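Engineer: Take the position in the sequence shown, starting the count at 1, then add 491; the result is the number in my numbering.
My questions all concern the structure below.
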Amino acid sequence: MQLSSASIDRRISVRSYSGEGLSPAQTQAIVQAIEECGPPPLGPRPRFRLVAASDAGLGDAPGQAVKVGTYGMIKGAPAFILGAVEVLPFANEAFGYCLEGIVLRAAELGLGTCWLGGGLRRGQVGEILSLGPNEIVPCITPIGAPADKRSLLDRIVRSSAKGDSRRPARELFFEGEPGHPLELGPGSPWTPVLEAVRKAPSASNKQPWRIVKSGSSATPVFHLLLDEDKVYNSVMGEVKIQNVDMGIAMRHFEAEARNQGLPGSWRRLPSTPLAESAPISYIATWAP
Ligand SMILES: Cc1cc2nc3c(=O)[nH]c(=O)nc-3n(C[C@H](O)[C@H](O)[C@H](O)COP(=O)(O)O)c2cc1C
């Protein structure tokens, strides 16, 4: 699935919607994105469904606040993308990677979305999806045309999560080992790739992604690490929200690498390439 740099720049979390339904063309494009969003580089393929807010019983008529769990923060969404994934290794990463593909396609179409992971009524979503015994619902997203004006709650949530701010690159991207800031030369094609990761959404905007470059400058490899907030990441059982963040980062990296014409793909090396020291752990490696 080809995703433009503009979609990465344009995407923000949208919590206030105009209430207007998706057009048939938009619906078709999202259904197609759902089909094309996988397979993920690691873990099982998740499944997704686009449902109208009213059909799903998730809300009232478009334009009204939807009052179920976290949806209370979301105003006027005409539809939601619901998803589930089987509990297998890297299920959360797989879910993050695949749903972010759909989220970026939505941004290209001018549609707003917002990753929702905290406090959802997972039982209700599970019923709509006929959840299997070994499946989980890591997150969902509303989808629709953004409202002209953000609701007051939207503005409060956005400013408390500092939604517009990101850590500086020197705290995220390293050379050789964590802690040694990466200096890419001027004009390096990898700079926009790492910037695309920096722009990614993350739960509570915690930005737990760390990337360590190694290898030669002609054929660099990049190791993706998770700087985990253990307590935060263990409150939802099998749903590991910061591992979802890792999958989202993999999607942003890959999309921008493709846009820059850079070779490579994500894989898990058989042995951990870097000395791990808690709370930092190895997730995957981008290599040619
Ligand atoms: C896995 C994940 C879970 C999230 N859960 C919620 C949530 O439950 N409620 C919410 O309002 N925002 C949620 N967000 C949105 C983040 O707060 C948002 O991405 C972050 O603050 C950065 O802002 P931006 O997306 O506008 O760039 C979540 C984001 C991610 C990636």
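Just so you know, even glycine gets a beta-carbon here, dropped at the ideal spot from N, CA and C.
Values in this document were obtained by computation on a predicted structure and should not be read as measured data.
Which residue from Thr518, Gly529 and Ser496 puts its Cα closest to that of arginine 538?
Structural biologist: Taking only the C-alpha atoms, the option nearest arginine 538 is Gly529.
Engineer: So what's phenylalanine 586 in DSSP terms, helix, strand or just coil?
Structural biologist: Helix.
Engineer: According to DSSP, is alanine 709 helix, strand or coil?
Structural biologist: DSSP places alanine 709 in coil when its eight states are reduced to three.
Engineer: Given that a residue counts as buried once 16 or more other Cβ atoms are within 10 Å of its Cβ, and exposed if not, what is glycine 592?
Structural biologist: Flag for glycine 592 reads buried.
Engineer: Drop a sphere of 10 angstroms on the beta-carbon of isoleucine 631, count the other beta-carbons inside from all chains shown, and report buried for 16 or more, exposed for fewer.
Structural biologist: So isoleucine 631 counts as buried.
Engineer: CA-CA distance, glutamate 584 and alanine 598?
Structural biologist: The alpha-carbon atoms of glutamate 584 and alanine 598 are separated by roughly 21 Å.
Engineer: Compute the beta-carbon to beta-carbon distance between arginine 523 and leucine 600, rounded to the nearest angstrom, for a pair I have assumed lies under 8 Å.
Structural biologist: It is worth fixing the name first, because residue 523 is glutamine in this sequence and not arginine. That belief does not hold up - the Cβ atoms of glutamine 523 and leucine 600 are roughly 11 Å apart, past 8 Å.
Engineer: Taking only the alpha-carbon atoms, compute the straight-line gap between arginine 661 and serine 679 and give it to the nearest angstrom.
Structural biologist: Cα to Cα, arginine 661 sits roughly 16 Å from serine 679.
Engineer: In chain order, what residues of the same chain lie with their CB nearer than 6 Å to the CB of leucine 494, ignoring the 5 residues before and after it?
Structural biologist: Around leucine 494: Leu595 and Ala746.
Engineer: Just reading off the beta strand (DSSP E) that tryptophan 681 is part of, what are its end residues?
Structural biologist: It is not in any beta strand (DSSP E) - tryptophan 681 instead sits in the alpha helix (DSSP H) that spans 681-689.
Engineer: Out of Gly752, Trp757, Gly676 and Ala769, point me to the one whose CA is closest to serine 496's CA.
Structural biologist: If we check each option's Cα against that of serine 496, Gly752 comes out closest.
Engineer: Indicate, with yes or no, if ligand 1 has a heavy atom lying under 6 Å from the CB of tryptophan 700.
Structural biologist: The answer is no for tryptophan 700.
Engineer: When the Cα of methionine 730 is compared with those of Val703, Asn696 and Val578, which residue comes out closest?
Structural biologist: It should be noted that the sequence gives valine, not methionine, for residue 730. Taking only the C-alpha atoms, the option nearest valine 730 is Val578.
Engineer: Looking only at its own chain, which residues have a Cβ that is under 6 Å from the Cβ of threonine 763, when we skip the five neighbours before and after it?
Structural biologist: Closer than 6 Å at the Cβ level, and outside the excluded window around threonine 763, lie Tyr773.
Engineer: Could you pull out every unbroken alpha helix (DSSP H) segment of at least 4 residues lying fully inside the segment 615-685, listed in chain order?
Structural biologist: Entirely contained in the segment 615-685, the alpha helix (DSSP H) runs reaching 4 residues are, in chain order, 643-651.
Engineer: Check serine 545 in the structure and name its three-state DSSP category.
Structural biologist: Correct three-state label for serine 545: coil.
Engineer: For the alpha helix (DSSP H) containing alanine 516, name the first residue and the last one.
Structural biologist: Residues 515-527.
Engineer: Among Ile732, Asp655 and Gly706, whose alpha-carbon lies nearest the alpha-carbon of phenylalanine 665?
Structural biologist: Checking every option, the nearest Cα to that of phenylalanine 665 belongs to Gly706.
Engineer: Give the secondary structure of aspartate 718 by DSSP, where H, G and I count as helix, E and B as strand, and everything else as coil.
Structural biologist: Three-state result, aspartate 718: strand.
Engineer: With phenylalanine 744 as the anchor, note down where its alpha helix (DSSP H) starts and where it stops.
Structural biologist: Counting along the chain, the alpha helix (DSSP H) containing phenylalanine 744 begins and ends at 732-750.
Engineer: Are at least three pairs of beta-carbons, each pair with one atom in the segment 635-647 and one in the segment 709-719, less than 8 Å apart?
Structural biologist: These segments do not touch.
Engineer: To the nearest whole angstrom, what separates the beta carbons of leucine 573 and arginine 540, a pair I think is in contact under 8 Å?
Structural biologist: At roughly 5 Å, the Cβ-Cβ gap stays under 8 Å, so leucine 573 and arginine 540 are in contact.
Engineer: Under a three-way DSSP split, which group does alanine 766 fall into?
Structural biologist: Residue state, collapsed to three classes: coil.
Engineer: For isoleucine 629, which residues in the same chain have their Cβ closer than 6 Å to its Cβ, ignoring the five residues on either side in sequence?
Structural biologist: Residue 629 is actually proline in this sequence, not isoleucine. Asn583, Phe586, Val730 and Val735.
Engineer: Since alanine 575 and leucine 620 should fall inside the 8 Å C-beta cutoff, what is the C-beta to C-beta distance between them, to a whole number of angstroms?
Structural biologist: So it is a contact: roughly 5 Å between Cβ atoms.
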